[in-house]
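J.:
Residue numbers (this note's numbering): 1 to 709.
Below is the structure:
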């Protein structure tokens, strides 16, 4: 049987057309699968970091909100205490209007006309459910302890009622935490705002812990968590005493704040998961001598005993049965003000994010599966999208089988040649060849893809170089700094640094020196002009010269002069320089020798005389003028004396109002902590600077502390 040539020609054309198409599809399919696997892994890792950082940011934000609320309550309670003293010193007003008592809220006819159910003020039922309670924002309610004679306190009640507009105004100005305000007097009379009922007959504010502590205090008091008698909620109480001009105690102003509202547990759970745990903890020594985490507040107290207002809430320790988890958490909190760790909690993999201030720590604990939910969901979406794309690809391929039979192999070659060329060019880029350039022109939309590819290559190369520079800079900075604090006879030393960018120009070091007088230690603090990789490289060169000369017995001024000559030659024409303070110590000796090269003088504090001095001296910055003659200076330290070397990032730090931190604040911190070890003094200085500008530092900060033993 003869086959017509037109069919043979069609078969040949079809074979030549489909062959390259099928090969190209197989190649691009394998490449796409590989890219999807890499993209999924990278996307999951990046999203996991983002979600974990968001959890840490929530802890930091919650701590800031708590601190802001605490400051507002301090101002509010001070204002109420001052106003309460004023009205108590005035004559009772004449009023025919009867006072509103807490028991009136049991009687709908006696209840204030403006009493409403407020979602911000809830009470727990016997079943443990939260139910809105009736409160009055128009007037407060009066509660009297058992045995109090109404006639004897009628005048005080009318006096306290004068506070109503002020209480309402302060309540409106403060952010609502579902809190209540009370003014309790020694006579047994208590005014509460917003007005509400539910106080047990036996409730006497004078017998409560916060009242007793306030009676003995002349300042603000934060009481331990208790059960509020009207709501059965766990609350913490903030109290301020009311005293007359002679200091006589008249009563106290108190605010009850539900712990759940302080911790914003509801909003965080809606954002994350019902399994998220929120705690406020403090680091506190345990009975075994180790440092533990004492729970100050938590989102819920489920023990039935806590529903009894007469019974206090027993203090709890976090992770009491998980010592390894506890030790890691405490160590991380001691090393950083905020952060996160992946740890098992209650035998479940969890992510713990924390933020601390000088007193407390906010701790968020979420199951690992909650944190990983979004990355898993996104990666699953990518995989699902790729499956859909594969299905669509198969469908289109079927249609193309028909189209290719008509268009033949010329069209297939014209289409696949640029795509294969781009794929080949991409492989060359992956191999490190950034000279790739696609010269083809097709006079259609494919030229847009080719131009975009050609524009991408040099930008990709530039980004790769920048990435390598940053990695190099980070490594240089890491190598510049000492790995641990030195142990040197007769002295306690500590150094630390905080950069405002990824890399910086500040530098400190402890160098074992060869000296004619015996074992010596060189203490160095420097500041290179500028930031970034160039500053890091200059500092690396300076450090190398210091260490290379360390075993040569040279006097400090000769050593610094030698380094200046070398740097002046290397930095000529660059406009860069480095200021340095170099100090030499001898083991178990009270003598110190130093050279000052354009840097601020070291601060010298004598606790015995309670006086400050400076280690001054003449000398210009290194790298500016070759053959400059530097001078060495000497002094003798007494036991307990403290030397502090710092860069200008400390005293030139500015707060949000533009005020500078200044040297006087630093001197006050040194005087206050002079009895502590060097590490504590250094951390106190750097911590105070960080707290002074909470929006982020604008310059590098380096501090070295030397304490004579």
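Ideal Cβ positions, reconstructed from N, Cα and C, are used throughout, including at glycine.
Output the residue ranges of the alpha helix (DSSP H) runs that lie fully inside the stretch 59-142 and measure 4 residues or longer, sorted by chain position.
T.: none
J.: Can you name the residues that DSSP bridges to residue 298?
T.: Your numbering for residue 298 matches position 298 in the chain shown. The partner list for residue 298 (beta bridge, DSSP) reads 279.
J.: For the beta strand (DSSP E) containing residue 361, name the first residue and the last one.
T.: Position 361 of the chain shown, counting from 1, holds the residue named residue 361. For residue 361, the enclosing beta strand (DSSP E) begins and ends at 361-367.
J.: In its own chain, which residues sit with a C-beta less than 6 Å from the C-beta of residue 568, not counting the 5 before and 5 after it?
T.: Numbered from 1 along the chain shown, position 568 holds the residue referred to as residue 568. Once the five neighbours on either side are set aside, the close Cβ partners of residue 568 are 623, 626.
J.: Restricting to runs no shorter than 4 residues, where is the alpha helix (DSSP H) found entirely within the stretch 232-260?
T.: none
J.: Locate the alpha helix (DSSP H) running through residue 497, then write down its first and last residues.
T.: Indexing the chain shown from 1 puts residue 497 at position 497. No alpha helix (DSSP H) contains residue 497, which is instead part of the beta strand (DSSP E) from 491-498.
J.: Check this for me: beta carbons of residue 661 and residue 679, under 8 Å apart or not?
T.: Taking the first residue of the chain shown as position 1, residue 661 is located at position 661. Taking the first residue of the chain shown as position 1, residue 679 is located at position 679. Residue 679 is positioned such that its CB atom lies no closer than 8 Å to that of residue 661.
J.: Would you identify the three-state DSSP class for residue 438, choosing helix, strand or coil?
T.: In the chain shown, residue 438 corresponds to position 438, counting from 1. Three-state result, residue 438: coil.
J.: Using the three-state DSSP reduction, which class does residue 650 fall into: helix, strand or coil?
T.: Translated into positions along the chain shown, residue 650 becomes position 650. In the structure shown, residue 650 sits in coil (DSSP, three-state: anything other than H, G, I, E or B).
J.: Tell me the DSSP secondary structure of residue 314 in three-state form.
T.: Locating residue 314 in the chain shown gives position 314, counting from the first residue. For residue 314, the three-state secondary structure derived from DSSP is coil.
J.: Pick helix, strand or coil for residue 569, following the three-state DSSP scheme.
T.: One-based indexing of the chain shown puts residue 569 at position 569. Residue 569 falls in the helix class under three-state DSSP.
J.: Alpha carbon to alpha carbon, how far is residue 73 from residue 281?
T.: Counting from 1 along the chain shown, the entry for residue 73 is found at position 73. Counting from 1 along the chain shown, the entry for residue 281 is found at position 281. Spanning the two alpha carbons is a distance of roughly 20 Å.
J.: Rounded to a whole number of angstroms, what is the C-alpha to C-alpha distance between residue 306 and residue 38?
T.: In the chain shown, the residue the question calls residue 306 occupies position 306. In the chain shown, the residue the question calls residue 38 occupies position 38. Any answer about residue 306 is weak, because its pLDDT of 45 lies below 50 and its placement is not dependable; what the coordinates show is given next. If I take the Cα positions, the gap works out to 53 Å.
J.: Would residue 491 pass as a contact of residue 585 if the rule is Cβ separation under 8 Å?
T.: The count along the chain shown starts at 1 and reaches residue 491 at position 491. The count along the chain shown starts at 1 and reaches residue 585 at position 585. Closer than 8 Å, so yes.
J.: Can you look up residue 692 in the DSSP assignment and give me helix, strand or coil?
T.: Sequence index remark: in the chain shown, residue 692 carries index 692 (1-based). Correct three-state label for residue 692: helix.
J.: Which first and last residues belong to the beta strand (DSSP E) in which residue 714 is found?
T.: Because residue 714 is not part of the residues shown, which for the chain are 1 to 709, the question remains open.
J.: Between 227, 162, 516, which has its C-alpha nearest residue 91's C-alpha?
T.: As a position in the chain shown, residue 91 is number 91, starting the count at 1. Measuring C-alpha to C-alpha distances from residue 91 to each of 227, 162, 516 identifies 162 as the nearest.
J.: Would residue 604 be called buried (16 or more neighbouring beta carbons within 10 Å of its own) or exposed?
T.: What you label residue 604 is simply residue 604 of the chain shown in a count that begins at 1. By the neighbour-count rule (16 or more Cβ atoms within 10 Å), residue 604 is buried.
J.: I'd like the ranges of any alpha helix (DSSP H) spanning at least 4 consecutive residues and lying wholly in the stretch 592-636.
T.: none
J.: Which residue wins for smallest C-alpha separation from residue 329, given the options 313, 314, 350?
T.: As a working mapping, residue 329 is identified with position 329 in the chain shown. It is 350.
J.: Give me the Cα-Cα distance between residue 111 and residue 326, rounded to the nearest whole angstrom.
T.: Here residue 111 is taken as the residue at index 111 of the chain shown, counted from 1. Here residue 326 is taken as the residue at index 326 of the chain shown, counted from 1. About 51 Å.
J.: How many whole angstroms separate the CB atoms of residue 114 and residue 136, which I take to be in contact at a CB cut-off of 8 Å?
T.: The count along the chain shown starts at 1 and reaches residue 114 at position 114. The count along the chain shown starts at 1 and reaches residue 136 at position 136. Indeed they touch by this definition, with Cβ atoms about 5 Å apart.
J.: With DSSP run on the structure shown, which of helix, strand or coil describes residue 195?
T.: Within the chain shown, numbered from 1, the residue matching residue 195 stands at position 195. Note: residue 195 maps to strand in three-state DSSP.
J.: According to DSSP, is residue 349 part of a helix, a strand, or is it coil?
T.: The residue you call residue 349 lines up with position 349 of the chain shown. Here residue 349 sits in strand by DSSP.
J.: Between residue 713 and residue 458, what straight-line distance do the alpha-carbon atoms span, to the nearest angstrom?
T.: What the structure shows of the chain is the stretch from 1 to 709, and residue 713 is not part of that stretch, so it cannot be assessed.
J.: Quick one: what's got a C-beta closer than 6 Å to residue 519's C-beta in the same chain, skipping five residues either side?
T.: Start at 1 with the first residue of the chain shown, and residue 519 comes out as number 519. Counting only Cβ-Cβ distances below 6 Å, and skipping sequence neighbours, we find 587.
J.: Pairs of beta-carbons, one from the stretch 353-365 and one from the stretch 50-64, closer than 8 Å: are there three or more?
T.: yes
J.: Hey, quick one: how far does the alpha helix (DSSP H) through residue 185 stretch, first residue to last?
T.: Your numbering for residue 185 matches position 185 in the chain shown. Segment 180-185 is the beta strand (DSSP E) holding residue 185; no alpha helix (DSSP H) there.
J.: How should residue 653 be labelled, buried or exposed, when 16 other C-beta atoms within 10 angstroms of its C-beta is the threshold for buried?
T.: If you number the chain shown from 1, residue 653 lands on position 653. Flag for residue 653 reads buried.
J.: What separation, rounded to the nearest whole angstrom, lies between the Cα atoms of residue 362 and residue 278?
T.: Here residue 362 refers to the residue found at position 362 when the chain shown is read from its first residue. Here residue 278 refers to the residue found at position 278 when the chain shown is read from its first residue. Cα to Cα, the separation comes out at about 7 Å.
J.: Quick one, which of 589, 591, 287, 581 has its alpha-carbon nearest residue 599's?
T.: Reading the chain shown from its first residue, position 599 is the one you call residue 599. Considering only alpha carbons, the answer is 581.
J.: Taking the continuous beta strand (DSSP E) assigned at residue 513, which residues delimit it?
T.: Your numbering for residue 513 matches position 513 in the chain shown. It spans 506-515 - the beta strand (DSSP E) in which residue 513 sits, taken as one unbroken run.
J.: My assumption, with CB atoms under 8 Å, is that residue 134 sits in contact with residue 116. Please give the rounded CB distance.
T.: Taking the first residue of the chain shown as 1, we reach residue 134 at position 134. Taking the first residue of the chain shown as 1, we reach residue 116 at position 116. Right, the Cβ-Cβ distance comes to about 7 Å (below 8 Å), so this counts as a contact.
J.: Helix, strand or coil: which one does DSSP assign to residue 334?
T.: Locating residue 334 in the chain shown gives position 334, where the first residue counts as 1. Residue 334: helix per DSSP, three-state reduction.
J.: Identify, in the order they occur along the chain, each residue of the same chain with its Cβ nearer than 7 Å to the Cβ of residue 212, setting aside the five sequence neighbours on each side.
T.: Working through the chain shown from its first residue, we reach residue 212 at position 212. Result list for residue 212: empty, nothing under 7 Å.
J.: Touch check for the stretch 202-210 and the stretch 165-176: three-plus C-beta pairs under 8 Å?
T.: no
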